[in-house]
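**Q** For what it's worth, the working numbering labels the leading residue of the sequence shown as 1446, then goes sequentially. Here it is, the structure, as structure tokens.
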Amino acid sequence: MSKRKGLHKYKRSIRVLPQTSYNLDRLADLSGLKTPGRVVDKLVREKMLSLRTFEERSGKGKP
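If you want it as structure tokens, here you go:
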């Protein structure tokens, strides 16, 4: 098996309001994550999971 040298990472820049930036820093501190970028990753992952379960319950989505 081949060893993975690293994760698939893409560099993205997002522009947020000062209040959002403050809250991302706060969430990073509270959750023990290293950077606000990881907070964004976690929030997006959780949102996509909740949307997927919503689609499964409502019967919508891919056939």
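Glycine included, each C-beta is placed from N, C-alpha and C at the ideal position. If you're wondering where the values come from, they're calculated on a predicted model, not measured in any experiment.
List the endpoints of the continuous alpha helix (DSSP H) containing T1480.
**A** Position 35 of the sequence shown, counting from 1, holds the residue named residue 1480. Segment: none, T1480 is in no alpha helix (DSSP H) and carries neither H nor E.
**Q** Buried or exposed: where does L1469 fall if 16 or more other Cβ atoms within 10 Å of its Cβ makes it buried?
**A** Residue 1469 sits at position 24 when you count from the first residue of the sequence shown. Its Cβ being crowded by 16 or more others within 10 Å, L1469 is buried.
**Q** Is the CB-CB distance between L1475 and K1487 below 8 Å?
**A** For the purposes of this step, residue 1475 is taken as residue 30 along the sequence shown, with counting starting at 1. For the purposes of this step, residue 1487 is taken as residue 42 along the sequence shown, with counting starting at 1. Not closer than 8 Å, so no.
**Q** Indicate, with yes or no, if the ligand SAH has a heavy atom lying under 7 Å from the CB of K1456.
**A** Ligands in the displayed structure: none, and consequently the ligand SAH is not present.
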